[in-house]
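A.B. asks: When we follow my numbering, the leftmost residue of the sequence shown carries the number 1, and every step to the right adds one.
By construction, the Cβ of each residue, glycine as well, lies at the ideal position given by its N, Cα and C atoms.
These numbers come from a predicted model, not from an experiment.
My questions all concern the structure below.
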Amino acid sequence: MPKLRTWVLAAVVPLALANGPAGDDFETLVAAERRFAADAAALGITPAFRAHVSPDALLISPAPHPAPPELAQQTDAPGARLEWQPEAAGVARSGDLGFTTGPYVMRRGDRASHGQFFTIWRRRAGGDWRWLIDSGNPPLGAGAVAMPMRVVRLGNAAAPAGKSDLAEVERRLDADVSALAGFLAADGRVLRAGAAPAIGEAGAALAARGPKGAGKHLGGGGSAAGDLAYSYGRVEDGGVLVGHYVRVWHQEAAGWRLLVDQLVPLPRRP
């Protein structure tokens with residue numbers, strides 16, 4: 001079983017789509033996520049990940065590493081089934097970069113557990129979306145969960161862009177990755193192990209409860225329009241590695257704000 005979607009989920013039924021006329025970039029992104037989920041049900045988990053992967057994609061499980069070589073050697077565990085659906089998403093004005101997040105259910109025989117996935121997508125010149133970074137939180141509960149019926153659009157595409165330097169903003173946040181107040185957008189989501197996604201002020205409060213540590217930027221990229229960016233890196237506490245972060249940033253009038261902030265902890269030792 002891959003360390004895919006780093007603990008994730010997929011549903012086959014087309015669901016109601018919110019925000020955006022037919023054929024817009026947001027809708028095509030959500031449709032790509034749903035096709036990915038449908039393929040996982042029809043073809044199997046690993047074949048679906050191979051079918052939708054970008055050649056330079058990364059898996060965060062828990063450290064960032066190239067996805068294609070791992071997927072090439074991987075097979076699904078007997079009886080494993082992965083289901084998911086997007087609950088929130090966002091896309092750049094240029095239509096070349098986006099992200100999705102929502103609940104997943106991992107089934108192994110009669111057992112089921114659920115958590116949250118987080119995927120960053122890049123659109124190729126031919127127009128199709130390919131996943132670029134796949135990550136997720138470990139299961140936060142046993143059993144299945146209801147799949148979302150609507151997809152919330154994060155970020156205000158019409159908002160005028162500010163002029164702040166993202167590298168400098170990230171350096172300030174990396175001084176203490178748990179201090180999200182002032183960095184998180186009003187509709188920004190915080191993903192932490194063992195907790196449901198938290199939004200806005202509730203998200204900043206969830207992050208403040210830990211884990212704490214200093215971040216170290218490892219990589220990232222941005223949209224052609226300059227309004228959406230992603231980053232990933234290490235988190236250390238007292239010089240000891242405790243996990244990795246994945247972030248999506250949106251340029252607003254007040255500067256760069258986080259739309260999604262996720263911390264993927266190292267697995268607990270047995």
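#1: Out of A204, R35 and E70, state which residue places its alpha-carbon closest to the alpha-carbon of W129.
#2: What residues are listed by DSSP as bridge partners for G226?
#3: My understanding is that L173 touches G215, with C-beta atoms under 8 Å, so please give their C-beta distance in whole angstroms.
#4: Taking 8 Å as the limit between beta carbons, can you name the residues of its chain near G44, skipping five residues before and five after?
#5: Count the CB pairs spanning the region 219-226 and the region 84-100 that are closer than 8 Å, and state whether there are at least three.
#6: Curious, which full-length beta strand (DSSP E) runs of at least 3 residues does the region 178-264 contain?
#7: Could you check if V190 is buried or exposed, using at least 16 other CB atoms within 10 Å of its CB as the buried criterion?
#8: Going along the chain, which residues of its own chain have a beta-carbon closer than 6 Å to the beta-carbon of I120, five neighbours each way excluded?
#9: Count the other CB atoms within 10 Å of the CB of M149; is the residue buried (16 or more) or exposed (fewer)?
#10: Of all the beta strand (DSSP E) runs that stay within the bounds of the region 59-101, which reach a length of 3 or more residues?
#11: Would you tell me roughly how many angstroms separate the C-alpha atoms of A207 and A179, rounded to the nearest one?
#12: Which of the three DSSP states, helix, strand or coil, is assigned to A51?
#13: Is A63 near H244, with beta carbons less than 9 Å apart?
#14: Using the C-alpha atoms, what's the distance from A31 back to A22?
#15: Would you kindly work out how many angstroms separate the C-alpha atoms of V122 and H217, rounded to a whole number?
#16: Taking just the CA atoms, how far does H114 sit from M142?
#17: Since L58 and H65 are thought to touch, with beta carbons under 8 Å apart, how far apart are those beta carbons, to the nearest angstrom?
#18: By the 10 Å Cβ neighbour count, where 16 or more other Cβ atoms means buried, how is R268 classified, buried or exposed?
#19: With A125 as the anchor, note down where its beta strand (DSSP E) starts and where it stops.
#20: Mind checking which residues open and close the alpha helix (DSSP H) that includes R150?
#21: So who's on the other strand from I133, going by DSSP bridges?
#22: Have a look at the DSSP bridge pairing and note the partners of G44.
#23: I'd like to confirm the pairing. Which residues does DSSP put opposite S164 in its beta bridges?
#24: Rounded to the nearest angstrom, what separates F117 and T101 at their Cα positions?
#25: Taking DSSP as the reference, what is the three-state secondary structure of R172?
C.D. replies: A quick look at the data gives this:
#1: R35
#2: Answer by DSSP bridge pairing: none, since G226 is not bridged.
#3: 7 Å
#4: D76
#5: yes
#6: You should have 184-191, 214-222, 228-237 and 240-252.
#7: Counting Cβ neighbours within 10 Å, V190 comes out buried, since at least 16 surround it.
#8: F99, L132, I133 and Y230
#9: exposed
#10: For the region 59-101, whole beta strand (DSSP E) runs of length 3 or above, ordered along the chain, are 64-66, 80-84 and 88-91.
#11: 7 Å
#12: The answer is helix: DSSP assigns A51 an H, G or I state.
#13: yes
#14: Confidence is the limiting factor: at A22 the pLDDT is only 39, short of 50, which leaves the residue's position unreliable, though a coordinate-based value still follows. Using only the alpha carbons, I get a separation of about 11 Å.
#15: In the sequence as displayed, the identity of residue 122 is Arg instead of Val. If you take the alpha carbons of R122 and H217, they lie about 20 Å apart.
#16: Here residue 142 turns out to be Ala, not Met, going by the sequence shown. Using only the alpha carbons, I get a separation of about 6 Å.
#17: At roughly 7 Å, the Cβ-Cβ gap stays under 8 Å, so L58 and H65 are in contact.
#18: In the assembly as shown, R268 is an exposed residue. Its beta-carbon has fewer than 16 other beta-carbons within 10 Å.
#19: No beta strand (DSSP E) contains A125, which DSSP labels as neither H nor E.
#20: R150 -> no alpha helix (DSSP H), and no H or E assigned at all.
#21: Its beta-bridge partners are L58 and I120.
#22: Looking at the DSSP assignment, G44 forms no beta bridge with any residue, so it has no partner.
#23: Answer is none; S164 lacks a bridge partner.
#24: 5 Å
#25: R172 falls in the helix class under three-state DSSP.
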